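Below is one structure, written out as structure tokens; the observations come after it.
Protein chains in written order, with the working numbering: chain A, 20 to 512; chain B, 296 to 664.
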């Protein structure tokens, strides 16, 4: 018995000695460093950060603690944490358009020098638009792009084929297709499906759609013309025949959508579309990758994407009326149709708290760089669950990235083609990036749209409400300052 | 005169010394935030290099809510008032006037009592007029009137159902202990959990009850798109959560009433309704009034259900004052948010103090008599 105990003790001692020998002998660069990264609840966006954090910890020793909050809370949570000096958040993944407020307050670490030295990041591979809009403010880099965002229209190829229709080129055609497809069973479950699914929930990510719709009627002379304000005097472009047309479309599309469409967030409409219940939808690049997800999608190889539909009539800013397109009025029109693709949101990007501990800043930068490097990014942009969409040149050119993920070459070309068409458009609409833009869009615009959809306001009252709300904000924040910021943000001369 | 010893000095200060920690804690955690939020309601928050600034703007945030660009949000949108609404306002005014005259003729009036009644009467009349204007014609409710709807409809429903269930559980039926436990369960669930559960249940297209809604032809009906249906769903959720609170307190009150009076009434041949009206109700009235008061205070602060169920929509139709304040806070309108919070404070204080004086104390006096 004694011998047995002795033998066991010897074996245990040997095992312990072996395990000690097997332990890594060299310390890692960020051993003992914890980085608190805040982003929105998701599950998109938070998912890739949470999934890749353990791998990053193995490589560098830094522990990444991902904190999530609802989308509508994200802007304020970050601002109050940083402005009040609490500084419990070391880094965050958020909307690049909010960068203006965070940089003004001096809360964001400038990353220009770090990016210049970081060869692994392959900065030259990031598409120029995202490099400039998503990463820079006043010529300096503050964020690392992790995602590329454009609004597009997605359609069911099989549905359009059965209806004998082509993908919508104008918003009128969109409504015609939605009407024709509505109340018919398109997924074979015996229940009638919907012609169009557009997320219209208040306090969510829905308020961008109205700009996607109105832009084609409002902006025709190129990006510097602006689609939110008149860059001559900061007059809101929300009280005219063009915006009224967009509002009417917005409401009309509701009759071809699910009965509770005004209470659906973008996650809800995505589920409806990939479960085969919608013929058309408006979304960022996410539908393209969600549609090939074998665990959820019922529409694999049945989805097409197209640049945002356009308009044949555009706004005369002096009269506030719509006038027909001609070469002078719509120099970028294709077959007489003016498209104005909207770079809504710009793409989720990572920024670092300027007041974080220097070692934590280094670890945070290393993490964002790791996430953005092609080895990780080229996989993440092909997964619907990540919420990341292509933003690197190689992701547009290398078809193998997409075929490996299960997308057919034809589908990949169609999907990337729609994004590239938007990305390369000289009439692209840039998202609002003036101080406190979140109050213009997420408060005044969002509330007015919700009241309009609920029938509390008619078209004229909605336009009046948005215009007076935006003017009140501009006057409160300083009209001249806001005008200068707006002109600079769109490159107006 | 003998000089005070040190022990006497300690004895004299002991009361203050024992009370002081509690006072300091209350000051720190209750009064101090109240004062800070009062100050916040008079300022405008702005981001500035290196931090933020607070600009003093006086009553501007309150003016915005009552007369300015946020009036639609707080008080509502005014419509046309018809003959029916004017008749109801007139009836309410006459009733209040009669109550006022009765008080004055009672002979036992005081200056404080008079001032309180004047304030309560003016408040009630103002609410009646506001309700008439915001429900008539093209009128829309604001967060103030929506909150009043939640408070009155919700608390009334919770009281009636809670009292009914409590009464049933006092009857000698089999399994009443099981029912007592089941009726109490909803109170244990977190409000956000209840809100998500109701959101799923009420979803007519993809919720767990979607086949049922489909079978009865309600798949195309969306409660979330109709202002009054959405408000009613919020009240149903709130009622489901808070009926157990009413139930448990009223059950205790019902079970503690003296049995001899009821047995004597039964021997005299009194029916169930007569016994309830003349014996049970007077006996439980003070407890009933108190439990309603507690719920009133709590009901004014409703935020979780409308936030999760509808996000305040459609439009702003289901936004309570607390949710209004929360959304303003979330968008960094700290001054506006604090102003809404203070309006809520005034409204709930006037309402609850009036209820205490006119109902709770009256019920206690009646029981004492």
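In this text, a Cβ means the ideal position worked out from N, Cα and C, and glycines have one as well. As the structure is a prediction and not an experimental result, all values here were calculated from the model.
Residue range of the unbroken beta strand (DSSP E) whose run includes residue i
{"i": "residue 464/A", "result": "Looking at the DSSP string, residue 464/A is not in any beta strand (DSSP E), and its letter there is neither H nor E."}
{"i": "residue 174/A", "result": "171-175"}
{"i": "residue 341/B", "result": "338-343"}
{"i": "residue 638/B", "result": "Careful: residue 638/B lies outside any beta strand (DSSP E), inside the alpha helix (DSSP H) at 629-650."}
{"i": "residue 347/B", "result": "346-351"}
{"i": "residue 85/A", "result": "82-88"}
{"i": "residue 436/A", "result": "Run containing residue 436/A: none in the beta strand (DSSP E); it sits in the alpha helix (DSSP H), 428-442."}
{"i": "residue 46/A", "result": "That residue, residue 46/A, is in no beta strand (DSSP E); it is neither H nor E in DSSP."}
{"i": "residue 302/A", "result": "297-302"}
{"i": "residue 54/A", "result": "53-59"}
Cα-Cα separation, residue i to residue j
{"i": "residue 333/A", "j": "residue 115/A", "result": "29 Å"}
{"i": "residue 511/A", "j": "residue 463/A", "result": "25 Å"}
{"i": "residue 226/A", "j": "residue 298/A", "result": "21 Å"}
{"i": "residue 209/A", "j": "residue 317/A", "result": "15 Å"}
{"i": "residue 302/B", "j": "residue 313/B", "result": "16 Å"}
{"i": "residue 466/B", "j": "residue 575/B", "result": "13 Å"}
{"i": "residue 661/B", "j": "residue 577/B", "result": "8 Å"}
{"i": "residue 154/A", "j": "residue 160/A", "result": "5 Å"}
{"i": "residue 44/A", "j": "residue 441/A", "result": "Residue placement at residue 44/A cannot be trusted, given a pLDDT of 48 that sits under 50; what the coordinates show is reported in the next sentence. Those two C-alpha atoms are separated by around 51 Å."}
{"i": "residue 536/B", "j": "residue 476/A", "result": "33 Å"}
{"i": "residue 137/A", "j": "residue 62/A", "result": "29 Å"}
{"i": "residue 658/B", "j": "residue 546/B", "result": "18 Å"}
{"i": "residue 649/B", "j": "residue 587/B", "result": "13 Å"}
{"i": "residue 99/A", "j": "residue 65/A", "result": "21 Å"}
{"i": "residue 376/B", "j": "residue 426/B", "result": "10 Å"}
{"i": "residue 195/A", "j": "residue 339/B", "result": "48 Å"}
{"i": "residue 569/B", "j": "residue 540/B", "result": "26 Å"}
{"i": "residue 305/A", "j": "residue 313/A", "result": "15 Å"}
{"i": "residue 494/A", "j": "residue 360/B", "result": "18 Å"}
{"i": "residue 655/B", "j": "residue 431/B", "result": "33 Å"}
{"i": "residue 105/A", "j": "residue 345/B", "result": "13 Å"}
{"i": "residue 41/A", "j": "residue 52/A", "result": "Confidence at residue 41/A is low in this model, with a pLDDT of 44, below 50, so the placement of that residue is unreliable and no value is reported for it."}
{"i": "residue 223/A", "j": "residue 557/B", "result": "58 Å"}
Endpoints, the alpha helix (DSSP H) within which residue i is located
{"i": "residue 471/B", "result": "471-479"}
{"i": "residue 141/A", "result": "Looking at the DSSP string, residue 141/A is not in any alpha helix (DSSP H), and its letter there is neither H nor E."}
{"i": "residue 411/B", "result": "406-430"}
{"i": "residue 422/A", "result": "419-422"}
{"i": "residue 305/B", "result": "301-321"}
{"i": "residue 616/B", "result": "616-625"}
{"i": "residue 415/A", "result": "412-416"}
{"i": "residue 481/A", "result": "478-496"}
{"i": "residue 444/B", "result": "438-465"}
{"i": "residue 459/A", "result": "That residue, residue 459/A, is in no alpha helix (DSSP H); it is neither H nor E in DSSP."}
Whole-number beta carbon distance between residue j and residue i, since they are thought to touch under 8 Å
{"i": "residue 85/A", "j": "residue 382/A", "result": "The Cβ separation is near 14 Å, so there is no contact."}
{"i": "residue 409/A", "j": "residue 398/A", "result": "About 12 Å separates the two Cβ atoms, so there is no contact after all."}
{"i": "residue 163/A", "j": "residue 406/A", "result": "Actually they are not in contact, since the Cβ atoms of residue 163/A and residue 406/A sit about 16 Å apart, beyond 8 Å."}
{"i": "residue 365/A", "j": "residue 152/A", "result": "5 Å"}
{"i": "residue 373/A", "j": "residue 126/A", "result": "6 Å"}
{"i": "residue 514/B", "j": "residue 508/B", "result": "6 Å"}
{"i": "residue 257/A", "j": "residue 412/A", "result": "The Cβ separation is near 35 Å, so there is no contact."}
{"i": "residue 625/B", "j": "residue 91/A", "result": "6 Å"}
{"i": "residue 215/A", "j": "residue 300/A", "result": "7 Å"}
{"i": "residue 330/B", "j": "residue 353/B", "result": "Wrong, their Cβ atoms sit about 17 Å apart, outside the cutoff."}
Heavy atom of the ligand NAD within 7 Å of residue i beta-carbon
{"i": "residue 234/A", "result": "Only the bare structure without any ligand can be found here, which leaves the ligand NAD out of the picture."}
If you measure beta-carbon to beta-carbon, which residues of the region 412-440 of chain A are closer than 8 Å to chain B? Close to chain B, meaning a Cβ-Cβ distance shorter than 8 Å, is no residue of the region 412-440 of chain A at all.
Identify each residue in the region 480-505 of chain A for which the Cβ-Cβ distance to at least one residue of chain B is less than 9 Å, and report them in chain order. Here the close residues are 484, 487, 488, 491, 495 and 496.
Compile a chain-ordered list of the residues in the region 619-630 of chain B whose CB is closer than 8 Å to at least one CB of chain A. Among the residues of the region 619-630 of chain B, those with a Cβ less than 8 Å away from any Cβ of chain A are 622, 624, 625, 626, 627 and 628, in the order of the chain.
Segments assigned alpha helix (DSSP H), at least 4 residues, entirely inside the region 305-367 of chain A: Secondary structure within the region 305-367 of chain A: the alpha helix (DSSP H) runs of 4 or more consecutive residues, fully enclosed, are 305-309 (chain order).
Along the region 258-289 of chain A, what residues have a CB closer than 7 Å to any CB found in chain B? So the close ones are 277, 278, 279, 281 and 282.
Threshold first: 4 residues or longer. Then list the alpha helix (DSSP H) segments lying entirely within the region 482-541 of chain B, N to C. Correct list: 486-497 and 505-510.
Please list the residues of the region 593-623 of chain B that have a C-beta atom closer than 8 Å to any C-beta atom in chain A, keeping them in chain order. The region 593-623 of chain B vs chain A, Cβ under 8 Å: 605, 606, 607, 608, 609, 610, 611, 612 and 622.
For a minimum of 4 consecutive residues, which ranges assigned as the alpha helix (DSSP H) are wholly contained in the region 93-153 of chain A? Within the region 93-153 of chain A, the complete alpha helix (DSSP H) runs of at least 4 residues are 118-123 and 131-136.
Chain B contacts made by the region 336-358 of chain A, where a contact means CB separation under 9 Å: Under the 9 Å Cβ criterion, the region 336-358 of chain A contributes no residue.
If we require 4 or more residues per run, which alpha helix (DSSP H) segments fall completely within the region 356-389 of chain B? Taken in chain order, the whole alpha helix (DSSP H) runs of length 4 or more contained in the region 356-389 of chain B are 366-369.
Interfacial residues, the region 345-361 of chain B to chain A, with Cβ spacing under 9 Å: Taken in chain order, the members of the region 345-361 of chain B whose beta-carbon sits within less than 9 Å of a beta-carbon on chain A are 345, 346 and 347.
Pick out the complete beta strand (DSSP E) segments inside the region 156-240 of chain A, 3 residues or longer, and give them in chain order. For the region 156-240 of chain A, whole beta strand (DSSP E) runs of length 3 or above, ordered along the chain, are 162-164, 171-175 and 213-216.
When you check each C-beta in the region 386-415 of chain A against every C-beta of chain B, which residues fall closer than 8 Å? The residues in question: there are none.
Where are the alpha helix (DSSP H) runs, 4 residues long or more, that stay fully inside the region 234-287 of chain A, in chain order? Those alpha helix (DSSP H) runs which fall completely within the region 234-287 of chain A and span 4+ residues are 260-273.
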